[in-house]
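Data block below; observations after.
In my numbering, the protein residues as written are 84 to 1019.
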């Protein structure tokens, strides 16, 4: 009789189980199923495992695997017996396997839902988080195969493996018998297991980026023998920035006797370099890159910055070349920035790396910057450079990344790094595309709770070469979801830098109340008007007159900051001519000293054609040496003056050349500060006693047996929504006048007569609805009018519905987007939402606080709260309806679309007059699965 191990695979090779993962130290490994072709790899792997680790695995000395062992550990049916391996360079570094067992502990098949699991990690790779990553993946595989629980037997001395299981966050039971620790744990993800997984993801991805941004040594591959060219320029930029690590120039065309290029050690290959290389900057033609990647992988290089073009941005052939590049680099455990990248910069004094095409090192500071294309990177750096001396002096860049085609390292990875980077206080990102919106919003929410995140979002059309998940959400909806996550959304590079410079060195405002003072009445009024337009609450401007002295400015600013009715101050200044007028330096010092006395409120300056004031404002708080001075660096090296920073806590005053720019930046800071306050108490997802989750699941399962994607009938819709406490007002079909009369008698007068044909549904403006029909005569007259206007009843599909209380017509929608996840939307019915796009959006699940803000987020919200003397409607009942729809979609991802329209919100209660529900198999939730890098 054949055993499970002897049978051929019962399933085809599960390629979807293959994945690249980032390990705890920032390196990468590939996880894949073990197959019959892996016998030699398994034997080689086992030979490199220590005797102690073998003992822990088999509970006895086990120096080598027998032929029977090798056969057993490489032959799997991918259902009851599964083995996974973590590989680097194609070789095993760790394995994990499970065997399904029955209640008696013997091998079994479904419906048995328990399995024994065991790991073995090569000693050289222990402590890198390999076992934790394998546990996540083998658990996901087991759930897919109907296994709900793992059991593991571990020797008490094997504390590392016990910790892998206990730290995973699953619900578990622990026992001790016969000298062995037995662990049993459920595989259903818990809040704790998900939190553990995401914390590990953050640490691993942050470290992978840190290895790129703070390498101990750098090799530039493709350095030309003659001056000029990309490689030679990069080498010069790194050297001139004062990079603190080892630097090497590499070109296979170098003469064998060439020892140096521009004072940098020269080599013909990375393999020839005597010491370790942490980062390779690749600037060779695309067709030569594969050989460079192999050299770097063999030498143990940790990461690559690929400047070379000719990849996905060039078309299908380049796209395949890009896939091959990523696969090759990951096989060696390397991460890639690029290809087609502009480069990276780290201004930290102990790094000073300018591995980019930027000819000058930016001023150091507290701003992290991310861009994708080189053109945007150049624009960002140059804009910040121009504004750096003119606004905040030495408050510049901490780190800069231009990811090019972002084939591997993306904005999400860099956001993970900046989240807990102590050198970065503000994050600026220009995102031409968002590859994984669901993950980005999750990371953005967490980052924004700690430090400001300012984003320019692309128009929705991904540049050539960017891998982007398909989304059906409009651009405006994605923008709204980013704002919900705490992102400061701006539209231009100018606004990006304006907001970033304010947030980098000024405190967040406590509210929207703004004091305005200055020496120009007209500029003050202009600033006042812009504050009103941006939703701020400005006080009347204080005019100091054109004859104001520096002392007058100091006194007025000090008074405004001391006034408890002000949350921020905007100082306006124009050039003053005449004896006694303050000079730029004098005025700047007056403002700085006044602001320093009350450091808890932000101060901004609007200056008009004051050539030196902005620079003077910087100098007033800067401790940097004068122009051309050098400060001592490590080991006596000279450090450019731009690489020194002002003392911590120094508030540098930002200055803006136009009132609208200053006020817009301040308004964004006010909104962000409000979001930060609310984020401390996000609310809760309420429970409702009348929700029948299991009944809804049974109904959905029955309905889906009819097809993979279907819009269910009105009766089925009412039944499903009813299980979540969402009643839909009955509407009876009226194919004839007599049927209409019978329906009205059943419902009771007054009634409404509606045409429900697709071209007339929800279009009261076309006249397809008759309301308040009080008796049979009015009903028959209305029926005749509709048929005369629009055609036969078969075309109109008329229905009769009982009249709902009068109120405000609204629309509630929920949709599951494959890229962003489940989204709940709300707006007023009719032109407000259809023509003006006045809809508000929140990610599901929605909390009670989010439901409250959702109702108030639309521009037409005043109509719900008694606008112009109208009766306010029952918004608490509306919020409850939103929460119930959110709960339905969150509990049952098969509900891929819900539309409630119209929902009449009356002074007391709500009435759902129309509803449609679409069911389909839910899209995959990669955010709930094991950690993986994007597939290539």
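The beta carbon of each residue, even a glycine, is placed where N, CA and C say it ideally should be. Quick caveat, the model's predicted, so the values are computed rather than measured.
Which residue from the options puts its Cα closest to that of residue i?
{"i": "residue 304", "options": "520, 314, 433", "result": "314"}
{"i": "residue 1020", "options": "800, 643, 879, 689", "result": "Summary: the structure shown does not reach residue 1020, with the chain confined to residues 84 through 1019, and so no result is reported for it."}
{"i": "residue 154", "options": "121, 139, 133, 179", "result": "121"}
{"i": "residue 435", "options": "397, 123, 481", "result": "481"}
{"i": "residue 467", "options": "627, 445, 620", "result": "445"}
{"i": "residue 1022", "options": "896, 798, 817", "result": "Residue 1022 lies beyond the residue range present for the chain, which begins at 84 and ends at 1019; the question has no answer from this structure."}
{"i": "residue 923", "options": "164, 249, 559, 489", "result": "559"}
{"i": "residue 653", "options": "599, 415, 616, 944", "result": "599"}
{"i": "residue 269", "options": "335, 208, 196, 258", "result": "196"}
{"i": "residue 406", "options": "490, 463, 353", "result": "490"}
{"i": "residue 261", "options": "142, 187, 321, 150", "result": "142"}
{"i": "residue 824", "options": "807, 812, 867", "result": "867"}
{"i": "residue 790", "options": "781, 1004, 203", "result": "1004"}
{"i": "residue 356", "options": "421, 96, 188, 330", "result": "330"}
{"i": "residue 1002", "options": "218, 899, 111, 442", "result": "899"}
{"i": "residue 971", "options": "950, 937, 905", "result": "905"}
{"i": "residue 386", "options": "309, 294, 326, 335", "result": "294"}
{"i": "residue 101", "options": "110, 167, 130", "result": "167"}
{"i": "residue 207", "options": "185, 171, 187, 218", "result": "171"}
{"i": "residue 925", "options": "908, 557, 401", "result": "908"}
{"i": "residue 978", "options": "376, 786, 255, 603", "result": "786"}
{"i": "residue 981", "options": "895, 401, 784", "result": "895"}
CB residue i to CB residue j, shorter than 8 Å?
{"i": "residue 640", "j": "residue 593", "result": "no"}
{"i": "residue 390", "j": "residue 372", "result": "no"}
{"i": "residue 298", "j": "residue 362", "result": "yes"}
{"i": "residue 957", "j": "residue 934", "result": "no"}
{"i": "residue 453", "j": "residue 417", "result": "no"}
{"i": "residue 591", "j": "residue 756", "result": "yes"}
{"i": "residue 531", "j": "residue 486", "result": "no"}
{"i": "residue 128", "j": "residue 209", "result": "no"}
{"i": "residue 827", "j": "residue 883", "result": "yes"}
{"i": "residue 283", "j": "residue 1014", "result": "yes"}
{"i": "residue 247", "j": "residue 215", "result": "yes"}
Could you tell me if the beta carbon of residue i falls within a distance shorter than 7 Å of some heavy atom in the ligand NAD?
{"i": "residue 184", "result": "As presented, the structure is devoid of all ligands, the ligand NAD included, so that no description of it is given."}
Just verifying my parser: in three-state terms, what is the DSSP assignment at residue i?
{"i": "residue 494", "result": "helix"}
{"i": "residue 1019", "result": "coil"}
{"i": "residue 974", "result": "helix"}
{"i": "residue 827", "result": "helix"}
{"i": "residue 903", "result": "coil"}
{"i": "residue 708", "result": "Note that residue 708 has pLDDT 33, beneath the 50 cutoff, so the model's placement of it is unreliable and the number below is only indicative. Of the three classes helix, strand and coil, the one that applies to residue 708 here is coil, per DSSP."}
{"i": "residue 935", "result": "helix"}
{"i": "residue 514", "result": "strand"}
{"i": "residue 225", "result": "helix"}
{"i": "residue 996", "result": "coil"}
{"i": "residue 725", "result": "Caution applies to residue 725, whose pLDDT of 35 falls short of 50 and renders its modelled position unreliable; the model cannot decide the point."}
{"i": "residue 589", "result": "coil"}
{"i": "residue 662", "result": "Here residue 662 scores only 49 on pLDDT, less than 50, and its place in the model is too uncertain to base an answer on."}
{"i": "residue 114", "result": "strand"}
By DSSP's criteria, residue i is part of a beta bridge. Which residues make up the other side?
{"i": "residue 233", "result": "198, 268"}
{"i": "residue 1077", "result": "What is shown of the chain runs 84 to 1019, which leaves residue 1077 out entirely."}
{"i": "residue 601", "result": "626, 655"}
{"i": "residue 483", "result": "428, 452"}
{"i": "residue 343", "result": "348"}
{"i": "residue 739", "result": "689"}
{"i": "residue 260", "result": "263"}
{"i": "residue 174", "result": "171"}
{"i": "residue 572", "result": "538"}
{"i": "residue 447", "result": "480"}
{"i": "residue 335", "result": "The partner list for residue 335 (beta bridge, DSSP) is empty, contrary to what the question assumes."}
{"i": "residue 420", "result": "388"}
Please check the pair residue i and residue j, which I expect to be a contact at CB under 8 Å, by giving their CB distance rounded to whole angstroms.
{"i": "residue 39", "j": "residue 292", "result": "In the structure displayed, the chain extends from 84 to 1019; residue 39 sits before or after that span and is not available."}
{"i": "residue 888", "j": "residue 992", "result": "7 Å"}
{"i": "residue 397", "j": "residue 358", "result": "Going by Cβ atoms, the distance from residue 397 to residue 358 rounds to 36 Å, so no, they are not a contact pair."}
{"i": "residue 856", "j": "residue 843", "result": "With 8 Å as the limit, residue 856 and residue 843 do not qualify as a contact, their Cβ atoms being about 17 Å apart."}
{"i": "residue 571", "j": "residue 438", "result": "About 29 Å separates the two Cβ atoms, so there is no contact after all."}
{"i": "residue 156", "j": "residue 180", "result": "7 Å"}
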